[in-house]
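*Asks:*
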Amino acid sequence: DAGVTQSPTHLIKTRGQHVTLRCSPISGHKSVSWYQQVLGQGPQFIFQYYEKEERGRGNFPDRFSARQFPNYSSELNVNALLLGDSALYLCASSSRLAGGLGDTQYFGPGTRLTVL
Amino acid sequence: AQTVTQSQPEMSVQEAETVTLSCTYDTSENNYYLFWYKQPPSRQMILVIRQEAYKQQNATENRFSVNFQKAAKSFSLKISDSQLGDTAMYFCAFIANTGNQFYFGTGTSLTVIP
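Quick mapping for you: the protein sequence lines, in order, are chains B and U. Just so you know, we're using this note's numbering here: the first sequence kicks off at 1380 and counts up by one. Just so you know, we're using this note's numbering here: the second sequence kicks off at 7 and counts up by one.
(1) Output yes or no for whether 8 Å exceeds the beta carbon distance between valine 118 of chain U and threonine 93 of chain U.
(2) Rounded to whole angstroms, what's the CA-CA distance from glycine 1419 of chain B to phenylalanine 81 of chain U? Just pull it up for me.
(3) What would DSSP say about leucine 1462 of chain B, mapped onto helix, strand or coil?
(4) Can you give me, in chain order, the residues of the segment 1419 to 1438 of chain B that have a beta carbon less than 7 Å from any beta carbon in chain U?
(5) Which chain C residues are close to leucine 1390 of chain B, counting only those with a beta carbon under 7 Å from its beta carbon?
(6) Mind pulling the chain U residues with CB within less than 7 Å of glycine 1489 of chain B?
(7) Only counting the same chain, and skipping five residues up and downstream in sequence, which positions put a Cβ closer than 6 Å to that of threonine 1493 of chain B?
(8) Given this structure, state the Cα-to-Cα distance separating phenylalanine 1439 of chain B from proline 120 of chain U, to the nearest angstrom.
(9) What residues of chain B sit near threonine 112 of chain U, judged by a beta carbon separation below 7 Å?
(10) Count the other CB atoms within 10 Å of the CB of serine 1403 of chain B; is the residue buried (16 or more) or exposed (fewer)?
(11) Compute the distance between the beta-carbons of leucine 40 of chain U and threonine 114 of chain U, then report whether it is under 8 Å.
(12) Only counting runs of 4 or more residues, tell me where the alpha helix (DSSP H) segments fall wholly within the segment 1395 to 1455 of chain B, in order along the chain.
(13) So is phenylalanine 100 of chain U in contact with chain B if we call contact Cβ pairs under 8 Å?
(14) Which residues bound the beta strand (DSSP E) around glutamine 75 of chain U?
(15) For chain B, is any of its Cβ atoms less than 8 Å away from the one on asparagine 68 of chain U?
(16) For isoleucine 85 of chain U and threonine 9 of chain U, what's the separation of their Cα atoms in angstroms?
(17) Report the three-state DSSP secondary structure of leucine 90 of chain U (helix, strand or coil).
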């Protein structure tokens, strides 16, 4: 079975632009979480979606939004990009709602976003 | 709020030797889960080992084992017989069973020296 996939692999944008990142979870997984990993830091939680509903949100501004589709894939949208948004964006999937049963989250390879 | 602290930014170990990576966490929760993830250079993060807080027995996975001290809120990772492929960034992570997000430490960069 394929693991978590993310697209695109790399992306270069300029300040003020908008970006959409995509994630496909492992087949059968219903939960998708998004993380931002700034160079040299650990991942920071942005969103969790389960069964197409937002189930958690980290400390990120409203410029960040996400959604989950009926096939459980997900998109992360970032508006009005700032230089500080440059990071590796990770998607992780789990079979159930992360936390309830401590399900392992499986990570994708990430999308490297550079904002110039 | 939960916090995870990894106090060793960088470590190195000779091939075939044993190394221990430290992790401490702070939480008021009683039921939670702890993880160690490995992130090789330019590659995706993969699970190394997982520990349920309600289990007293320390988790082991082949060459990897943990020393879980619940009272001290400590969760260290021991790598035995280190291999070159163990070179990576290692992250400690926490999630409460009532929570919805993983909390990660800042990572420890491990280099295995041939």
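Even for Gly, the Cβ is constructed at its ideal location relative to N, Cα and C. Being a predicted model, the structure only gives us computed values, none of them experimental.
*Replies:* Reading it off the structure:
(1) Translated into positions along the second sequence, residue 118 of chain U becomes position 112. Translated into positions along the second sequence, residue 93 of chain U becomes position 87. Contact: yes.
(2) Along the first sequence, one-based indexing puts residue 1419 of chain B at 40. Along the second sequence, one-based indexing puts residue 81 of chain U at 75. When rounded, the distance between both Cα atoms is 21 Å.
(3) For the purposes of this step, residue 1462 of chain B is identified with residue 83 of the first sequence, where counting begins at 1. In the three-state scheme derived from DSSP, where H, G and I count as helix and E and B as strand, leucine 1462 of chain B is classed as helix.
(4) Residues of the segment 1419 to 1438 of chain B with a C-beta less than 7 Å from any C-beta of chain U: Gln1420, Gly1421, Pro1422, Phe1424, Gln1427, Arg1434, Gly1435, Gly1437, listed in chain order.
(5) As a matter of chain content, chain C is missing from the structure shown, whose protein chains are B and U.
(6) Locating residue 1489 of chain B in the first sequence gives position 110, counting from the first residue. Correct list: Gln50.
(7) By one-based count along the first sequence, residue 1493 of chain B stands at place 114. Excluding sequence neighbours, threonine 1493 of chain B sits near Ile1391, Ser1465.
(8) What you label residue 1439 of chain B is simply residue 60 of the first sequence in a count that begins at 1. What you label residue 120 of chain U is simply residue 114 of the second sequence in a count that begins at 1. Answer to the nearest angstrom: the Cα atoms are 42 Å apart.
(9) Translated into the one-based positions of the second sequence, residue 112 of chain U becomes position 106. Gln1420, Gly1421, listed in chain order.
(10) Start at 1 with the first residue of the first sequence, and residue 1403 of chain B comes out as number 24. The residue in question, serine 1403 of chain B, is buried, as its Cβ has 16 or more Cβ neighbours within 10 Å.
(11) By 1-based counting over the second sequence, the position of residue 40 of chain U is 34. By 1-based counting over the second sequence, the position of residue 114 of chain U is 108. No, the Cβ-Cβ distance between leucine 40 of chain U and threonine 114 of chain U is not below 8 Å.
(12) Here no run is fully enclosed.
(13) Here the question's residue 100 of chain U lines up with position 94 in the second sequence. Not one chain B Cβ lies under 8 Å of phenylalanine 100 of chain U.
(14) As a working note, residue 75 of chain U is residue 69 in the second sequence. Per DSSP, glutamine 75 of chain U belongs to the beta strand (DSSP E) from 70 to 75.
(15) Taking the second sequence and counting its residues from 1, the one referred to as residue 68 of chain U is at position 62. In terms of beta-carbon proximity, asparagine 68 of chain U stays away from the interface with chain B, with every pair separated by 8 Å or more.
(16) Position 79 of the second sequence, counting from 1, holds the residue named residue 85 of chain U. Position 3 of the second sequence, counting from 1, holds the residue named residue 9 of chain U. Approximately 24 Å between the Cα atoms of the pair.
(17) Against the second sequence, residue 90 of chain U aligns to sequence position 84. Secondary structure at leucine 90 of chain U: helix, using DSSP grouped into helix, strand and coil.
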